[in-house]
Amino acid sequence: MTEDQNRRRPRSLTEAIEMAKAIGFKKIPTKLTEPKPPPEDLPPEEYKKAEAEYEQKMKQWLTESIYGANYKDNPLYQWREPYWDNEWEAIKHLIL
């Protein structure tokens, strides 16, 4: 089993906060910059590819902006991780 599979996931916000305090978690600020949308004058196929890449970069930037560049070690992220993809799908149209 990998370390990720052995790690216990917090079951509540309170538990996640307590875990973060117990391990002395410090969020490392992201070095990523907010991505810019692709230019609209690209040919349709290139635009579609660029748009998908932009969406992925934006999701990564948002994740790191909220939870830190070391987000996988962040108990708050570990608590939200099972829901993060669905939350992203729900909010991405507001961001992109």
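Read in order, the letters of the sequence shown correspond to residues 21 to 116 in the numbering used here. Ideal Cβ placement from N, Cα and C applies to all residues, glycine included.
Check                                                                                              : Outcome
Any alpha helix (DSSP H) of 4 or more consecutive residues that is wholly inside the stretch 57-97 : 64-87
Distance, Pro102 Cα to Ala36 Cα                                                                    : 14 Å
Environment of Thr83 [buried if 16+ CB atoms lie within 10 Å]                                      : buried
Three-state class that DSSP yields for Glu101 in the structure shown                               : helix
Simplified DSSP assignment, three categories, for Glu107                                           : helix
For Leu33, the first and last residue of its enclosing alpha helix (DSSP H)                        : Leu33 to Ile43
Distance between beta carbons of Trp99 and Pro30, contact taken as under 8 Å                       : 4 Å
C-beta atoms of Glu75 and Pro58 nearer than 8 Å                                                    : no
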